[in-house]
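Here the structure comes first, spelled out in structure tokens, and everything after it is commentary.
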Amino acid sequence: RGIRMFRYKLVRWTRQIRIFFGGGKEIEQKHYLFTLPKPLAPEEIWQKLWLFGWGYNALSQTYKGQIYTMRRVVSPRHQYHLRFYKNGDVSGHFEVDNLQFPLEHLDGVDLRPLNNEERATLKKELGVDIEHSAQNV
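Taking the working numbering, I'd label the letters of the sequence shown as residues 1 to 137.
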């Protein structure tokens, strides 16, 4: 148990240092979903998504330009994780729940981009016009 906790803290700390020095851009670009027609404030994001089971993701790493992060827990062991940026970009992915399985989460177990159906659902929840938002397909 002690070694697992040490490993978790070490990986998390070194990841945050890499992000601080500009690392992690390729990962966020890989999980880019779309750009909102108009950037939203954190309060607006919260008001739109909490009704659909989204909550603030307190244990998330923060990337440059990021203004907010949310997660929605699904099934007994997974979550959707979203990041919102000040320029209106939204990135997100599906992964193992970081609270229940911290090491598996950091190891990227079951990590995958959102599929087109999941993207469309998120846009609907945000009230985004699917036809007129920029999207990386």
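Ideal Cβ placement from N, Cα and C applies to all residues, glycine included. Since we're looking at a predicted model, the values are computed, not measured.
Nearest to residue i (by Cα), restricted to the options the options
i    : options            : result
Y63  : A120, N115 and Y85 : Y85
Q100 : H93, I67 and V109  : V109
L114 : K123, G88 and P42  : K123
P42  : G2, I3 and G88     : G88
Alpha-carbon to alpha-carbon, residue j and residue i
i    : j    : result
T69  : Y56  : 6 Å
A58  : N98  : 10 Å
E104 : Q29  : 22 Å
G127 : P102 : 32 Å
I45  : N116 : 21 Å
D107 : G2   : 18 Å
CB-CB length for residue i against residue j, believed under 8 Å
i   : j    : result
F34 : V90  : 6 Å
F52 : E125 : 5 Å
R72 : Q66  : Actually they are not in contact, since the Cβ atoms of R72 and Q66 sit about 18 Å apart, beyond 8 Å.
Cβ-based neighbour list, residue i, same chain, cut-off 8 Å, excluding 5 preceding and 5 following
i    : result
L111 : H93, F94, E95 and V96
W50  : none
T121 : none
Cβ-Cβ distance between residue i and residue j below 8 Å
i    : j   : result
S60  : H81 : yes
D129 : P39 : no
Cβ shell of residue i (< 6 Å), same chain only, five flanking positions each side left out
i   : result
R83 : Q66, T69 and S91
Chain-order list of residues whose beta-carbon lies under 7 Å from that of residue i (same chain, five-residue window excluded)
i   : result
R77 : V96, D97, Q100 and F101
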